[in-house]
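**Q** Counting in this note's numbering, the sequence shown runs from -10 upward without gaps.
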Amino acid sequence: MGKGWSIIRTSLLSGGAACAFTAASAAVAQDATDQASAQQGASQYILTEDIVVTARKRDERLMDVPLSITAVTADDLSRSAINGTDAIARKVPGLLVGEGGGTVQGGSLSLRGISAADANPLGDQAVSFNIDGVQVARASIRRMGDFDLAGVEVLKGPQALFYGKNSPGGIISMRTADPTNRFEVGGNVGYEFKADEVRGEGYISGPLTEGLGARLALYGSSMKGWVKNLVPASDPFAPNSPRSPDKDEYAARLTLKFDNGGPLRARFKIAYNNVKDNGMTNNYQTVDCPTGTPQVEGAAADCKGDDRIVQGALGPAFGAIKTIVGSLGTPANPSGNPMLAYADFGDGSLRSRSKQWLSGLELNYDVTPELTVTSMTGFYKLDFFNVGNFTATNRPEAILGSMNALDIREISEELRLTSNFDGPVNFLIGTQYQDSKVEVGSMAAFGAIAGDPSILGPTRPSPFVSTNYYLDQDGEAYSFFAQIQYKPIPEVEISAGGRYSHESKKLNSVINFGNELVGVTPFLSNGKNKRSFNNFSPEVAVSYRPHNDLTFYVNYKHGFLSGGFNGGSFNTAGDFSFRPQKVKGFEGGVKGRFLDGMATAELALYSYKITDLQVQITTSGTVQEMRNAGEVDSKGAEFSLTLRPARGLQLYANVAYMDGKYDKYYATCYAGQLALKPGTGIGECALQPNPTNNNVVGYLQNLSGTRLLRSPEWSGNAGFIYDTPVTDSMKIELAGGLTYSDSYIASAVSQPRSNSPHYTLFDASIRLADMDDRWEVSLIGRNLTNKFYWSRATDNPTSVANPNQLADTIAVPSRGREVMLRAGFKY
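If you want it as structure tokens, here you go:
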């Protein structure tokens, strides 16, 4: 606590010193800008506008909502050139988002220590997305380009009442820009030097007819990559790209909005995103070596997370596998996998492609001036294919080549009735339905030179097929929800409600030819695997507003994340279903605006109990297993402060303290633990029963009382924003900020050397613009300290060959230093 707080305190003081320097500079320039400043009016001195959020499916002031929310405005997003959820997470202490390398669905999401199985393509996330009213509880959506945004709201803690069953950790709610009431066209283009990235976006917007407007937004990016691959071009397994991520992306979104002042209002949005790059393992690297040198990488590997990797291509041997595996194999498709054939490995080049569609139709009809019926229809689709090297090496015998395909389709419908009476009582009632289908296929093999011994020995010659599976899952869910709000006096609001949820998941087809590493018998299913889950999640909140600029609140909430089936390279010899994850607890706080609007502050305290936390771990090198982690506690405090002491100057600071621990958790042992730390004590490995899983016996370690996965004790940020006129027609904006996080556990089995390091990031920007923002030129720097961290870490899959020592740790580090020059216009 002392070290974390000391660094945060230093960050706050540094930010304050920078702001003081900026304010002093402003005073020197004051005489030259008096006339322009006078024209701007007193509002330039103290910014007092209200941020409006939709956390409770109503337009409300952020100040009034009895909930902990971090709102990121469109200006904040533009100022930092944010185009993805990973960068948004840096503005929200306690939120961790990142690539996982082996996470086919799209990465890792955690908020206040609450997360779910990031590597299970059949599962949902505990922190879900709500984009323009469409709920998507899949990490894959974070790969979709976030562009032309009007704002982002991060809702913390369980959100079952308003956002459904799949939000026990929180919601990342994104609102994209709507059509304007006059013709407008704008855009920007930028060049990022480190990655050789050209990025641009633009829009055209305006009315089509009376009451009907349209907006078309486009986005594109092409980069060579910020990571250098150290495998030389002369190597027989040289990568197809010397840098990573070698990536091309483009996206488009069309919005139609109808509002002629009558009782009916409609908004339709449809977006498409297309990404091609050199594989989802394009930044997979060894971040720790217990022996000091990598066990399977080349000598060039440095055993730390940075902007250098050692990763070879697969070569042609994988695409030429001819072995007929299982009863479904044929000469035309030896793999017997309905979704993939060995020939799809091709020449062994590393690559992935992703295509996503997201659309939503929102209809609002005022039955009376006080009653509104809302319909929200959503559609989401993902097509993903990948060929990757999952051992981060160019040694041919140790290369683990894997091919993955994932198709997701979701259709949802929500109906709700909302009241807006002048009296003390109001209500919201609704229902939601979702139909989903997921298909996932994967195959992996060790060794890149046909016939040579693989890393597993001469009895398993290359390419040795280690996994080959296909799953087809149908899902259906419906829920009913209601809330009543009562104000006994104007200053007090009491609200109570809940959501009843039912969900069923059915595996229509399971084909798993077994993992030969653990001797599993090939398994075929005729679709009799089905699980159903029911839940009621209540919520009660009380708020007290003694005046317009001060709110006290306390609430009690439940959250629910449905169970399901393991969708990785699981061991089908046992039950591969898992139980629902449930959350319940309290949150309270105070938020206010003080000193005539010069200062705004918020304090939030929370305490949650999580039952059956869903975690996914890797065993036997390539076997993915879903586990429920018994009971977990997550407690903490969050404080935010914003000051506007002078014209054009804003200071901000956010600090989060988190105490997340496993109450009861028996985890699989990590590689080498049985030999190095035998026993039944905390953090020791032995063959023992699991009391949190029907006393099933296995090689387990007791992690009860130890720190929770992805839960840094201290995190925070601080900085300043200052803008001032330089002429009658031009202004300048300066911004700088620090982001800090303690070290945290990144491995689901708490491998002691896998922790992500603590880090302090520094961002800065300078912007020169027209007074009316008709043009701008910006120089934007992110992570100028060039620090690297990661959200998920695993043992190197080759660890199965060395069971008596700790394995090397593999992870996907964050993006390092970014410096972008950008120019934009608006007409």
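For each residue, glycine too, the CB sits at the ideal point set by N, CA and C.
How would you call E88, buried or exposed, if buried means at least 16 neighbouring beta carbons within 10 angstroms?
**A** So E88 counts as buried.
**Q** Could you pull the start and end residues of the beta strand (DSSP E) that I500 belongs to?
**A** It spans V481 to N501 - the beta strand (DSSP E) in which I500 sits, taken as one unbroken run.
**Q** Can you give me the C-alpha to C-alpha distance between S718 and R756, rounded to a whole angstrom?
**A** C-alpha separation (whole angstroms): 14 Å.
**Q** Which whole runs of the beta strand (DSSP E) in the stretch 388 to 429 are 3 residues long or more, in chain order?
**A** Entirely contained in the stretch 388 to 429, the beta strand (DSSP E) runs reaching 3 residues are, in chain order, 389 to 408.
**Q** In angstroms with no decimal places, state the Cα-to-Cα distance between T165 and N72.
**A** So the alpha carbons of these two residues sit roughly 12 Å apart.
**Q** Taking only the alpha-carbon atoms, compute the straight-line gap between A394 and L371 and give it to the nearest angstrom.
**A** One C-alpha to the other measures close to 10 Å.
**Q** Under a three-way DSSP split, which group does R45 fall into?
**A** In the structure shown, R45 sits in coil (DSSP, three-state: anything other than H, G, I, E or B).
**Q** Could you compute how far the alpha carbon of S162 sits from the alpha carbon of G694?
**A** Taking the straight line from one Cα to the other gives about 33 Å.
**Q** Is it the case that the Cβ atoms of Y651 and A626 are separated by a distance below 9 Å?
**A** Cβ distance not < 9 Å, so Y651 and A626 don't count as in contact.
**Q** Which complete beta strand (DSSP E) runs does the stretch 664 to 688 hold, if anything under 3 residues is left out?
**A** DSSP runs (the beta strand (DSSP E)) wholly in the stretch 664 to 688: 674 to 679.
**Q** Apart from the five residues on each side of it in sequence, which residues of its chain come closer than 8 Å, Cβ to Cβ, to P252?
**A** Once the five neighbours on either side are set aside, the close Cβ partners of P252 are Y354, D355 and V356.
**Q** Would you check if the distance between the CB atom of L98 and the CB atom of V125 is smaller than 9 Å?
**A** Against a cut-off of 9 Å, the Cβ pair of V125 and L98 comes out as no contact.
**Q** Going by other Cβ atoms of all chains shown within 10 Å of its Cβ, with 16 needed for buried, is E199 buried or exposed?
**A** Exposed.
**Q** Bridge partners for E359 per DSSP, in chain order?
**A** Bridge partners of E359: none, in fact.
**Q** Just curious, the beta strand (DSSP E) that R188 is in, first and last residue?
**A** E186 to T198 is the extent of the beta strand (DSSP E) around R188.
**Q** Can you give me the Cβ contacts of C292 inside the same chain, cut-off strictly under 8 Å, excluding the 5 residues immediately before and after it?
**A** Cβ within range, chain order: T275, V276, D277, C278, G281, T282, P283 and D797.
**Q** For R50 and I40, I'd like the C-alpha separation in whole angstroms.
**A** If you take the alpha carbons of R50 and I40, they lie about 6 Å apart.
**Q** Counting only the same chain and skipping the five closest in sequence on each side, list residues whose C-beta sits under 7 Å from that of F334.
**A** Hits under 7 Å: L303, F307, G308, V376, G390 and M392.
**Q** Give the C-beta separation of V61 and R131 to the nearest angstrom, bearing in mind that I take them to be a contact with Cβ-Cβ under 8 Å.
**A** Rounded, the Cβ-Cβ distance is 15 Å, inconsistent with contact.
**Q** Among L810, R204, Y816 and K653, whose alpha-carbon lies nearest the alpha-carbon of A70?
**A** Nearest of L810, R204, Y816 and K653 to A70, Cα basis: L810.
**Q** Quick check: is the beta carbon of L692 nearer than 9 Å to any beta carbon in chain B?
**A** Annotation note: the requested chain B is absent from the structure, which comprises a single protein chain.
**Q** Whose C-beta lies closer than 8 Å to the C-beta of A812 among residues of the same chain, with five residues either side of it excluded?
**A** So the list reads N177, V178, G179, W764, E765, V766 and S767, once near-sequence residues are dropped.
**Q** If you draw a straight line from the alpha carbon of E480 to that of D135, how long is it in whole angstroms?
**A** About 39 Å.
**Q** State the DSSP-derived secondary structure class of R771, mapped to helix, strand or coil.
**A** Strand, per DSSP.
**Q** Would you call H536 buried or exposed, if buried means 16 or more other Cβ atoms sit within 10 Å of its Cβ?
**A** Its Cβ having fewer than 16 others within 10 Å, H536 is exposed.
**Q** If you reduce the DSSP assignment to three classes, tell me which class F172 lands in.
**A** Three-state DSSP puts F172 in coil, outside helix and strand.
**Q** On the DSSP letters alone, give me the boundaries of the alpha helix (DSSP H) that I77 sits inside.
**A** Element bounds for I77: T74 to A78.
**Q** So N218 and V801 are in contact, right, with Cβ under 8 Å, and what is the actual spacing, rounded?
**A** About 14 Å; that fails the 8 Å criterion.
**Q** My output table needs one value for G548: the three-state DSSP class, helix, strand or coil.
**A** Three-state result, G548: strand.
**Q** Alpha carbon to alpha carbon, what distance is there between S194 and S754?
**A** Going by the C-alpha atoms only, they are around 28 Å apart.
**Q** Hey, F835 and E482: beta-carbon distance below 9 Å or not?
**A** Because the chain here runs from -10 to 816, residue 835 falls outside it and cannot be looked at.
**Q** Looking only at its chain, what residues have a beta carbon closer than 8 Å to the beta carbon of P569, apart from the 5 residues adjacent to it on each side?
**A** Only F522, N524, F549, L550, S551, G552 and D601 meet the Cβ criterion.
**Q** Touching or not, the stretch 200 to 219 and the stretch 179 to 189, by the rule of three or more beta carbon pairs under 8 Å?
**A** Taking 8 Å as the limit for Cβ pairs, the verdict is that the stretch 179 to 189 does touch the stretch 200 to 219.
**Q** Output the residue ranges of the alpha helix (DSSP H) runs that lie fully inside the stretch 702 to 759 and measure 4 residues or longer, sorted by chain position.
**A** Runs found: none.
**Q** So, does the stretch 470 to 480 touch the stretch 408 to 419, judging by three or more C-beta pairs under 8 Å?
**A** They touch, by the three-pair rule.
**Q** Taking one C-beta from the stretch 647 to 664 and one from the stretch 616 to 623 each time, how about it: are there three or more such pairs within less than 8 Å?
**A** Short answer: they touch.
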